[in-house]
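Q:
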Ligand code: GRF
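Numbering (my numbering), first residue to last: 77 to 275.
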């Protein structure tokens with residue numbers, strides 16, 4: 077079996093691309109299929125990238141909507157695709173327990189810092205401004221807090237030779253792309269084993 081995943085984005089979608097590629101011809105092949113991509117921002121470059129890959133992709137705008145109205149719309153859309161997992165990849169919108177309750181332990185996020193040390197937006201800026209010699213990337217489950225869910229995997233990013241914020245982001249993103257697909261592969265294969273045992 078292959079899990080049906082939806083990827084939620086708000087921006088460039090480089091993690092999304094890495095996951096799509098891994099699902100088609102890499103470590104995620106046979107473990108998951110990216111059935112749709114949703115952006116809450118119409119300007120997200122990732123939307124065009126997903127569309128060019130032939131993946132059904134839409135913008136469901138969150139601007140000027142209440143959290144409830146936006147999440148209901150998103151939920152109804154995802155139901156059409158019988159989504160098993162919701163994968164957040166640069167999705168800049170906090171989800172409420174209403175939405176999370178529909179996907180218990182099935183919403184996963186990547187955060188550009190150690191979630192035990194820094195939560196919220198601007199993980200690379202935080203590491204750069206603090207002049208850290210290293211930082212961490214975290215893949216974690218989503219719970220009702222901001223970046224407080226159970227950690228699935230982390231990877232260290234060495235920063236001692238990064239002189240600019242751009243260099244920090246560049247180094248970090250390359251590690252994100254590898255870590256996210258590996259972490260998802262481990263979650264999906266573990267889940268697959270449990271389903272097989274249950275049968
Ligand atoms: C990444 O740094 C991710 O960790 C954070 O938002 C950024 C998204 O980048 N949550 P991209 O859209 O995947 O290129």
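Using N, Cα and C, we set each Cβ at its ideal position, and we do this for glycine too.
Quick caveat, the model's predicted, so the values are computed rather than measured.
(1) Residue range of the alpha helix (DSSP H) that residue 257 falls in?
(2) In the DSSP assignment, the alpha helix (DSSP H) including residue 127 goes from what residue to what residue?
(3) Any chance the CB of residue 187 is under 7 Å from a heavy atom of the ligand GRF?
(4) Quick one: Cα of residue 199 to Cα of residue 246, how far?
(5) Where in the region 157-239 do unbroken runs of the beta strand (DSSP E), each at least 3 residues long, occur, reported from the N-terminal end onward?
(6) Using three-state DSSP, classify residue 150 as helix, strand or coil.
(7) Who pairs with residue 111 in a beta bridge, going by DSSP?
(8) Specify, as a first and last residue, the run of the beta strand (DSSP E) that residue 133 falls within.
(9) Tell me the DSSP secondary structure of residue 95 in three-state form.
(10) Give a yes or no on contact between the region 109-121 and the region 78-96, applying the rule of three or more CB pairs nearer than 8 Å.
(11) By how many angstroms is the C-alpha of residue 149 removed from the C-alpha of residue 229?
(12) Just the C-alpha distance for residue 170 and residue 273, rounded to the nearest angstrom, thanks.
(13) Between the region 187-196 and the region 207-218, can you find at least three pairs of beta-carbon atoms closer than 8 Å?
(14) Got a sec, what are the start and stop residues for the beta strand (DSSP E) residue 84 sits in?
(15) Is it buried or exposed, residue 185, if we count other Cβ atoms within 10 angstroms and call 16 or more buried?
(16) Grab me the residues of residue 234's own chain with a C-beta within less than 7 Å of its C-beta, minus the 5 sequence neighbours each way, in chain order.
(17) Please determine whether the Cβ atom of residue 218 lies at a distance below 7 Å from any heavy atom of the ligand GRF.
(18) Can you determine whether any heavy atom of the ligand GRF sits closer than 7 Å to the C-beta of residue 225, and answer yes or no?
(19) Take residue 222 and list the residues in its own chain whose beta-carbon comes closer than 7 Å to its own, dropping the five residues that flank it on each side.
(20) How would you call residue 205, buried or exposed, if buried means at least 16 neighbouring beta carbons within 10 angstroms?
A: Short version:
(1) 241-274
(2) 121-128
(3) yes
(4) 13 Å
(5) 161-164, 183-187, 210-217 and 227-234
(6) helix
(7) Its beta-bridge partners do not exist; DSSP assigns none.
(8) 133-135
(9) helix
(10) yes
(11) 31 Å
(12) 35 Å
(13) yes
(14) 79-85
(15) buried
(16) 210
(17) no
(18) no
(19) 170, 195 and 196
(20) exposed
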